[in-house]
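Enquirer: Quick one: the structure is below, and I'll ask about it shortly.
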Amino acid sequence: MDADAAPRRVRADAERSTARILEAAEAVLAEDPTAPLERIADAAGLARATVHRRFSSRAALLDALAAQLAQRYVQGLAEARVDTAPPVDAMLRMTETAFALKLAHRFAVQLTASMTPEVQGGLDRLFARLREAGAITAPDPTWGRRVYLALLHEVNDLPADSPMLDGDDLAARAGLLVGTVLRALGGVWPPAR
């Protein structure tokens, strides 16, 4: 057996345990934000000591959940091609990704730490590009981001049967949000093609 095989196996086991803990934490805390680490350990099928080895405190676990979500937002920004795609198209793709993440991470989306400077910067670049393309008139990308994020939460909270939604899928919610934000920031929706 290779001398490096044992450390890799331990590392892979540790990574799997960490992933199980984070997945369990997301599910448990979405149902009960005050749930103790013991419930998270039980849901992960791990000993409490294992959870404490991976996360020294509840705060460390919450930080890890926020970091994981932030990384998924960054990945969503890259996949939406916010720096290169037509900006309205990129905004629609990023919005669909954001709604999907909100569904999958019902607890973590409440953690403000997931809105890292990298995520905020990507959204600010998108709003600057929207202005440069004439899709909006608002001059401050930061204001655009703040309006977008505030309305993202509001649209996400709409009930499925809301008259504001044309259907209850990610595309319907994304269309409502993008249209509302573009109009609020001095643009038009749908854009002229």
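No gaps in the numbering here: position 26 of the sequence shown is 26 in UniProt numbering, and each next residue is one more. All C-beta atoms in this analysis are idealised placements derived from N, C-alpha and C, irrespective of residue type, glycine included.
(1) Looking at Y73: is its Cβ nearer than 7 angstroms to the Cβ of V119?
(2) Quick check for students: name the residue ranges of the alpha helix (DSSP H) that lie wholly in the region 134-167, counting only runs of 4 or more.
(3) Would you tell me roughly how many angstroms separate the C-alpha atoms of L123 and R145, rounded to the nearest one?
(4) So does the region 77-97 actually touch the region 49-61, counting three or more Cβ pairs closer than 8 angstroms?
(5) Rounded to the nearest angstrom, what separates A30 and Q75 at their Cα positions?
(6) Inspect the CB distances between the region 166-185 and the region 90-100 and report whether three or more fall short of 8 angstroms.
(7) Out of E154, A67 and A43, state which residue places its alpha-carbon closest to the alpha-carbon of T116.
(8) Which residue marks the beginning of the alpha helix (DSSP H) containing Q68, and which one marks its end?
(9) Going by the beta-carbon positions, is the gap between A25 and L61 smaller than 7 angstroms?
(10) Could you check which residue in L65, E15 and R129 has the C-alpha nearest to that of T142?
(11) Suppose the cutoff is 7 angstroms on Cβ atoms and the five residues either side in sequence are ignored; what does the same chain contact list for A135 look like?
Expert: Let me spell this out:
(1) The count along the sequence shown starts at 1 and reaches residue 73 at position 73. The count along the sequence shown starts at 1 and reaches residue 119 at position 119. Yes, the pair counts as a contact, with Cβ atoms nearer than the cut-off.
(2) 141-156
(3) Numbered from 1 along the sequence shown, position 123 holds the residue referred to as residue 123. Numbered from 1 along the sequence shown, position 145 holds the residue referred to as residue 145. Approximately 6 angstroms, taken between the alpha carbons.
(4) no
(5) Within the sequence shown, the letter at position 30 stands for residue 30. Within the sequence shown, the letter at position 75 stands for residue 75. Near 23 angstroms, if we compare the C-alpha coordinates of Q75 and A30.
(6) yes
(7) Position 116 of the sequence shown, counting from 1, holds the residue named residue 116. Comparing Cα positions, the closest option is A67.
(8) The residue labelled residue 68 in the question sits at position 68 within the sequence shown. R58 to A80 is the extent of the alpha helix (DSSP H) around Q68.
(9) Counting from 1 along the sequence shown, the entry for residue 25 is found at position 25. Counting from 1 along the sequence shown, the entry for residue 61 is found at position 61. Yes; because the gap between Cβ atoms is below 7 angstroms, this pair is in contact.
(10) The residue labelled residue 142 in the question sits at position 142 within the sequence shown. The residue with the shortest Cα to Cα distance from T142 is R129.
(11) Here the question's residue 135 lines up with position 135 in the sequence shown. Excluding sequence neighbours, A135 sits near P87, V88, L182, G187 and P191.
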